[in-house]
Structure formats: C-alpha cells, structure tokens
Amino acid sequence: MQIANKMQARARGATRQPRALAGGAGAGYPKSNLLRSLMPDTRKTAMYLNETRRQTLHHLLFGGGRAHAEKYFPELRRMAVVSESFGLASILLVWAFIPHVNTLDRGALLSALAGIVLAIGINVAARAIWVLKLGGAVGMCAIAYCFRLLAEAAGQAEFWMQPVGVFMVLLAAPIFNGCVVYLIVAAAVWLILGYGHFPLDPAMAHAAWANLLIAYSMLFGLVLSISFNLLRLRDFRAREALTRLAYQDGLTGLNNRRRFTELTQQMQLQRQAMYFLMIDIDNFKKINDTLGHDAGDVVLVKTARIIADACGGHLCGRLGGEEFGIVYLGDRRAVCQFAASLVDAVYLAFNPGQAVSISVGIAELACDTELAHSYRQADASLYQAKHQGKNRYVIA
2 MQIANKMQAR ARGATRQPRA LAGGAGAGYP KSNLLRSLMP DTRKTAMYLN ETRRQTLHHL
62 LFGGGRAHAE KYFPELRRMA VVSESFGLAS ILLVWAFIPH VNTLDRGALL SALAGIVLAI
122 GINVAARAIW VLKLGGAVGM CAIAYCFRLL AEAAGQAEFW MQPVGVFMVL LAAPIFNGCV
182 VYLIVAAAVW LILGYGHFPL DPAMAHAAWA NLLIAYSMLF GLVLSISFNL LRLRDFRARE
242 ALTRLAYQDG LTGLNNRRRF TELTQQMQLQ RQAMYFLMID IDNFKKINDT LGHDAGDVVL
302 VKTARIIADA CGGHLCGRLG GEEFGIVYLG DRRAVCQFAA SLVDAVYLAF NPGQAVSISV
362 GIAELACDTE LAHSYRQADA SLYQAKHQGK NRYVIA
C-alpha cells in the first residue's frame, strides 16, 4: 500500500486533528452554522416555482421538451395513424353508399384521398415530433376536404358538414401535442368544411346556431387538448420521479449505489485506465449523535455537492450512509492529485471550527477484474487512511 506523501499532509490538513475529537460532546461542530443550511431559500423556491409554471405553459402551448417528445412520440404517432386510417375508411364507406355519384368531383376526391395516404406515410416514417405534427395537419385537412366533396355531392351540405366538423375537431384533440397546433388545425378544418356553405352573416337564418356550434366545438376541443396535454405532463413527471427514486439518491441527488455500479460496469468495457475512489466522511457518527440527523444531512448534502463539482465528467455516487464513490478516468499520478485536491476542498468548505473532513481509499479499476475486488482494495486503503489519522487519501 502506498500512503499519501507526508510532505503534502500539512497542505491538505492531514495532520490536523478535528477539534471535535479533542473536546467534549459536540465540540468543534457549531450547531447554528450547520443547521443554518436547513433554512429554506425562498428565492430559490420562487425561481423553481416560476420555472415550473413556465415549463407547464410551454408544454400546453407547444408541447413538451425533447425528453417528453421522445417519451410520447410512439403513442402520438400511433394515434395519428389510427385516426387518419379511420378517416380514410369512413370516406371510402360513404363514397360507396352516397347517392348522386355523378355529381361528385372524382378528380378532387382522389387527390384528397392521395393526401390522406401521404399523411399516413409521413406519420409512419416520422422520426421527429414536428414531422408528426405536419403529417397530422395534412391528414386532417385532407379528410375534411373529402367530406366536403361528399357532402356537396349528396346535397344539403350545410346539414352534413356541421356534425362532421364537430366530430373531427373533437377527434383531433388528443392527437396534437400542444394547443397552438391543435387550434390551427381545428380552424383549418372548419374553414375547409364551412367556407361558402355556413350562413356566417348574422342577418341570415340560423347564422347564430352555426356560429355557436363552431365556437363551442373549438372551445370544447381546446379543453380536451389541454386535458390530454396535462395528463401526459403529469404522467411524464411521475415517470421521472420514479426514475429518480430508482437511480438517484434521494438526499444528495447523486447516483445511488445501484446506478453507480451499473455505470461502473459499463465503463469497465471501455478498457481505459481508471481508478475507484471510496470516500468516507470522518467522525460522521459523532455529528449525528451530538447535533442530530438534520445536521448530518447538511454535511452529507454539502459534501456531495463538493464531490459532484470536483468530479466534472467523472462518475460519482453515494454508496450508502456517509460513503461516496468516484470512478476517475486517468493515470495513477492524476488520481492522486485529484484525491488530494478533493480532501482539501471538503476540509476548507466547512468553517474551521466544524472540522469536517473525508478519508479516501483508492484502488485501480481494471477491466479484466471483478468490481467487487476493486471495492475490497479501496475499502482496505480507506481503512489505512483512517488509521493514519483521517483527512487524507491512501492508494493501493
């Protein structure tokens, strides 16, 4: 075993005995300083709430972010393809039983049917959410135009196109991820169906009822769209919370032991020089016993933040209790320098009277050896660091 250079011990504070060990119960750990960190930061809380509201509003108007879109992309695509296929089948069925077929503009109808098929193809091949929205908009407009042509051929177009418009506007509500696109598509559907047919002039008979029907369908469809988007957002956040519970430590926010182990095993496949650092907070039990677990939680959170900031791109996590782990990519000299700076950073981060420090055991993490072997080596090095006076590192 190789112990950290004695000449560097003074710079790291390795020879300094924590004052809590020399004094009585609670000595060296000013309770007010530690527990002050437990006071809620109202400014950060307000910023978090404002950011949450902003994200919710953006989600309702334009759909969620990239992670949300990736999560619900298959569901939205499936709904779009099924709805457009249902519309295509309905149009063909109406065409088969419609009277006065001779008055039907077959060329325009075939062009609109081709548009529906094109929209289905776009949605099937889509790999981005904006492409899916484009395919859905094209499909809904093409379906609306087909029904307009069929209603005109059947006669009494004003009578048939109003219920069709209501049905299509409500059907589109769950398909589009975002209210802005939905409102644009719904307005386009009513424009295609009703232009030149609905008595929109208030002086004409039944104008009020037609306008009321259009407005009511748009409003009710908007409510449905908001409801579906809120349900997706709530489900997405619930899944995120479950993921955090499964892979993150609830107190510190670092990777938990399970996630840390999984990622470490994946990194071993890269066949790079790497080292495992096992970190333990010195005299942590004394902090809990004298000041309470709230003060201990403050020390854990602050130490975890220091470790996360120091790690940069290196893997880190909480192994359990007051133990943390780091997988450092680099050679032996680099990991020793990193460990020395980490020991200093933790000691200097707390007030001098608190004397909070860490001990670090380091072992090489070879790609051809089991992870448990490196864990045992690092644990043995950590034991030596504790035995040598704490507030230092030892490398195997």
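Numbered according to our numbering, the sequence shown spans residues 2 to 397.
The beta carbon of each residue, even a glycine, is placed where N, CA and C say it ideally should be.
Spatially closest choice to residue i from the options, by CA coordinates
i       : options                               : result
Met-141 : Met-169, Lys-387 and Ala-47           : Met-169
Arg-333 : Gly-222, Ile-363 and Ile-282          : Ile-363
Leu-220 : Lys-303, Ala-386, Ile-117 and Ala-187 : Ala-187
Gln-271 : Ser-228, Thr-291 and Gly-331          : Gly-331
Ala-68  : Ala-158, Asn-289 and Phe-237          : Phe-237
Ala-174 : Val-224, Glu-324 and Ile-99           : Val-224
Pro-75  : Gly-65, Trp-96 and Leu-133            : Leu-133
His-60  : Ala-274, Gln-378, Leu-231 and Ser-375 : Leu-231
Ala-126 : Met-162, Arg-79, Gly-195 and Thr-253  : Arg-79
Asn-289 : Glu-323, Ala-305, Gly-314 and Asp-310 : Glu-323
Lys-391 : Ile-282, Asp-295, Ala-47 and Thr-291  : Ile-282
Asn-401 : Leu-94, Ala-81, Leu-77 and Glu-153    : The structure shown does not extend to residue 401, since the chain is modelled only from 2 to 397, so the question has no answer here.
Leu-366 : Val-344, Ala-397 and Leu-234          : Ala-397
Trp-161 : Val-95, Gly-222 and Tyr-183           : Val-95
Ser-228 : Leu-246, Leu-213, Gly-179 and Gln-266 : Gly-179
His-388 : Asn-284, Asp-250 and Met-48           : Asn-284
Ala-90  : Ser-358, Leu-114, Ala-340 and Leu-135 : Leu-114
Residue i - containing beta strand (DSSP E), residue span
i       : result
Tyr-146 : Per DSSP, Tyr-146 belongs to no beta strand (DSSP E); it is in the alpha helix (DSSP H), 130–155.
Phe-285 : Counting along the chain, Phe-285 falls outside any beta strand (DSSP E), though it belongs to the alpha helix (DSSP H) covering 285–292.
Glu-365 : 359–365
Arg-319 : 316–321
Tyr-394 : 394–396
Gly-326 : 324–330
Sequence-distant residues of the same chain with beta carbon closer than 8 Å to residue i, five excluded per side
i       : result
Asp-380 : Met-279 and Gly-362
Arg-11  : In this predicted model, Arg-11 has a pLDDT of only 36, less than 50, meaning its place in the structure is not dependable; the value taken from the coordinates is given anyway. So no residue of the chain qualifies.
Thr-262 : Leu-372
Val-82  : Ile-121, Asn-124 and Val-125
Arg-235 : none
CB of residue i within 8 Å of CB of residue j, strictly
i       : j       : result
Val-190 : Phe-63  : no
Tyr-146 : Ile-193 : yes
Ser-218 : Leu-172 : no
Phe-177 : Ser-112 : no
Cys-317 : Leu-255 : yes
Ala-350 : Lys-303 : yes
Glu-100 : Ala-143 : A small correction: the amino acid at residue 100 is Pro; Glu does not occupy that position in the sequence shown. Taking 8 Å as the Cβ cut-off, Pro-100 and Ala-143 do not qualify as a contacting pair.
Tyr-348 : Tyr-276 : no
Leu-150 : Leu-105 : yes
Ala-346 : Ala-311 : yes
Phe-148 : Val-167 : no
Asp-298 : Leu-252 : yes
Ala-97  : Gln-163 : no
Arg-233 : Tyr-376 : no
Tyr-248 : Arg-260 : yes
Alpha helix (DSSP H) segment containing residue i, residue limits
i       : result
Arg-67  : 67–98
Leu-270 : Here Leu-270 belongs to no alpha helix (DSSP H), and DSSP marks it neither H nor E.
Phe-160 : 158–172
Phe-277 : Run containing Phe-277: none in the alpha helix (DSSP H); it sits in the beta strand (DSSP E), 275–282.
Gln-385 : 372–388
Phe-351 : Run containing Phe-351: none; DSSP gives neither H nor E here.
Ile-176 : Where Ile-176 is concerned, there is no enclosing alpha helix (DSSP H), given that its DSSP letter is neither H nor E.
Ile-115 : Per the sequence presented here, residue 115 reads as Ala, with Ile not at that position. 107–126 is the span of the alpha helix (DSSP H), which, as asked, contains Ala-115.
Residues of its chain near residue i, where Cβ-Cβ distance is below 6 Å and the 5 sequence neighbours each way are ignored
i       : result
Leu-320 : Arg-258 and Gly-326
Ala-70  : Ile-130
Gln-269 : Cys-368
Leu-264 : Leu-316
Ile-308 : Cys-317 and Phe-325
Ala-138 : Val-186
Ala-274 : Asp-332
Ala-305 : Thr-253 and Leu-255
Gly-314 : none
Glu-159 : His-198
Gly-65  : none
Neighbourhood of residue i by C-beta, 7 Å cutoff - its chain only, sequence neighbours within 5 removed
i       : result
Ala-23  : The pLDDT assigned to Ala-23 is 30, lower than 50, so where the model puts this residue is not dependable; a value taken from the coordinates is nonetheless given after this. Answer for Ala-23: no residue qualifies.
Ala-386 : Ser-360, Val-361, Gly-362, Arg-393, Tyr-394 and Val-395
Gly-116 : Val-139 and Ala-143
Gln-266 : Leu-372
Leu-39  : With a pLDDT of only 44 at Leu-39, under 50, the local geometry of the prediction cannot be trusted, and the value read off the model is given with reservation. Closer than 7 Å at Cβ, skipping near neighbours: Asp-295 and Val-299.
Residue i at chain C interface by Cβ criterion, 8 Å
i       : result
Val-190 : Given the protein chain composition of this structure (a single chain), no chain C is represented.
Inset, instruction - Kindly confirm or deny that the segment 115–134 and the segment 83–93 touch, where touching means at least three C-beta pairs closer than 8 Å. - result: yes
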